[in-house]
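Line by line, the protein sequences give chains A and B. Quick note on numbering: UniProt numbering labels position 82 of the first sequence as 82, and the sequence is numbered without any gaps. Quick note on numbering: UniProt numbering labels position 91 of the second sequence as 91, and the sequence is numbered without any gaps. We put the CB at the ideal spot given by N, CA and C, even for glycine. The structure appears below as structure tokens.
There are 2 protein chains.
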Amino acid sequence: MSLRAVLLITLQREPGTGYDVLQRFKAGLAHVWQASHQQIYRELDKMRGAGLLDCETVPQAERPDRKVYCITASGRAELDAWLAVPLGPSPVRQPLFAKFFAWDAWPADARQQELVALQEQLEERMQAYAAIEQEWFSDPQGLTPAERAPWHTLRLGQRLTEAWLAWIEEVQAEGECVSGSHAQ
Amino acid sequence: MSLRAVLLITLQREPGTGYDVLQRFKAGLAHVWQASHQQIYRELDKMRGAGLLDCETVPQAERPDRKVYCITASGRAELDAWLAVPLGPSPVRQPLFAKFFAWDAWPADARQQELVALQEQLEERMQAYAAIEQEWFSDPQGLTPAERAPWHTLRLGQRLTEAWLAWIEEVQAEGECVSGSHAQ
DNA sequence: CGCATAAATGCAACTAGTTGCATAATGCTA
DNA sequence: TAGCATTATGCAACTAGTTGCATTTATGCG
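In structure tokens, the structure reads:
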């Protein structure tokens with residue numbers, strides 16, 4: 001259901017084609033949602049079938065038609081219903097944690113590699129956040145509430161990423177300790 | 001693939017039936033992995049088919065047979081291979097963030113409800129963590145590295161949950177501000 | 001006694017997401 | 001000018017996970 005809701009939100013703001021939505025995902029919504037173009041086209045078509053979207057087909061000479069989707073009243077109603085109900089807890093699935101539970105079978109060098117790779121991903125993410133912040137939210141106090149809302153989500157992303165990074169340092173500090181004492 | 005890996009890990013420690021694995025998930029691995037019994041039974045059967053597990057069928061009078069699964073050499077190899085390769089970044093999908101992006105269409109009371117519900121979930125989680133910590137890790141310094149590994153994952157869980165809670169307070173503080181000034 | 005719940009197993013149908021491929025124009029660049 | 005990336009669309013097959021249902025025995029409750 002959530003992809004559906006995300007599509008409703010982006011199309012409520014402004015009608016567009018599947019490709020447009022994908023571009024929006026890549027631009028400002030990259031830290032909110034990721035979906036492949038295949039999934040988006042398929043879902044948009046299903047939503048049109050369910051009456052949540054209208055579709056204006058713009059024929060183009062010798063090319064596949066551009067399909068501009070636009071939210072309907074029924075689509076708005078579905079979005080409102082989704083917004084009204086708090087989200088349930090999401091199931092826990094942490095492959096990394098699983099690796100920690102296999103500690104005995106997890107070679108120290110693979111462990112090290114894992115943590116370094118993760119650290120790099122997280123630092124990249126921090127940089128992406130910083131870029132978005134500069135681009136869109138350089139003056140948080142001057143924003144309207146509606147503009148400040150996405151900024152809050154960015155702040156949470158930063159907080160969580162920082163927590164991860166601090167944790168990695170903690171774990172690595174211990175690893176160094178051990179490797180210092182018996183060379184492994 | 002990850003469910004497969006988690007099953008390999010738990011069965012590597014000790015052979016067991018689908019039901020056993022489910023109980024282990026519920027006990028100490030609840031903050032690592034959640035899967036339904038249907039999924040577990042199905043996956044175990046597929047893994048046996050792929051030669052990763054041996055299965056000793058213990059017939060029981062007038063009841064479905066107990067199938068005790070046990071990891072094979074090929075299963076161990078697959079687990080080792082999985083442990084050796086760092087995990088890729090997981091795709092971002094934050095339904096809550098999506099709601100924030102729909103700020104204008106998100107009624108203030110639904111917003112409030114959402115945050116309170118989330119806060120409750122997180123506080124429950126903190127309590128669950130505390131219970132696990134007391135039960136298993138009351139003396140972190142006295143643990144062997146293999147025992148300390150799952151404790152680290154618990155610590156990360158706590159750190160992340162704390163970050164969420166701090167963020168909720170920040171967002172709510174702002175909400176109060178606004179509602180104080182124009183009664184909505 | 002009768003009924004609900006838990007222990008233990010599983011099939012079938014569904015939803016959600018991934019991977020691989022296909023098509024066809026436009027524009028850049030070597 | 002040939003090849004390659006980008007724009008723009010989509011189908012088909014697959015993997016992963018959810019939901020609903022079904023079975024049998026044992027166990028506790030009123």
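Expected contact under 8 angstroms - CB spacing of residue i and residue j to nearest Å
i, j, result
"T17 (chain B)", "V68 (chain B)", "6 angstroms"
"H37 (chain B)", "Y129 (chain B)", "With a Cβ gap of about 25 angstroms, H37 (chain B) and Y129 (chain B) do not count as contacting."
"Q119 (chain B)", "P91 (chain A)", "With a Cβ gap of about 19 angstroms, Q119 (chain B) and P91 (chain A) do not count as contacting."
"C55 (chain B)", "R66 (chain B)", "10 angstroms between Cβ atoms; not a contact."
"A105 (chain B)", "D80 (chain A)", "7 angstroms"
"W167 (chain A)", "L122 (chain A)", "Their Cβ separation, rounded to whole angstroms, is 10 angstroms, which puts W167 (chain A) and L122 (chain A) out of contact at 8 angstroms."
Where residue i falls: helix, strand or coil (DSSP)
i, result
"G75 (chain B)", "helix"
"A183 (chain B)", "Confidence at A183 (chain B) is low in this model, with a pLDDT of 38, below 50, so the placement of that residue is unreliable and no value is reported for it."
"W82 (chain B)", "helix"
"W106 (chain B)", "coil"
"E56 (chain A)", "strand"
"G18 (chain B)", "helix"
"V92 (chain A)", "coil"
"V68 (chain B)", "strand"
"V6 (chain B)", "helix"
Residue i vs residue j beta-carbon contact at 7 angstroms
i, j, result
"G75 (chain B)", "L53 (chain B)", "yes"
"P86 (chain A)", "A117 (chain B)", "yes"
"Q172 (chain B)", "L115 (chain B)", "yes"
"P150 (chain A)", "F101 (chain B)", "yes"
"T161 (chain B)", "R125 (chain B)", "yes"
"Q23 (chain B)", "I71 (chain B)", "no"
"L3 (chain A)", "E43 (chain A)", "yes"
"V58 (chain B)", "I40 (chain B)", "no"
Any non-hydrogen atom of the ligand HEM within 6 angstroms of residue i CB
i, result
"V171 (chain B)", "Looking at this structure, you won't find the ligand HEM or any other ligand, since it has none at all."
**Q.** Runs of alpha helix (DSSP H) wholly within the segment 125–150 of chain A (minimum 4 residues, chain order)
**A.** none
Q) Between the segment 95–111 of chain A and the segment 149–157 of chain B, are three or more C-beta pairs nearer than 8 angstroms? A) yes
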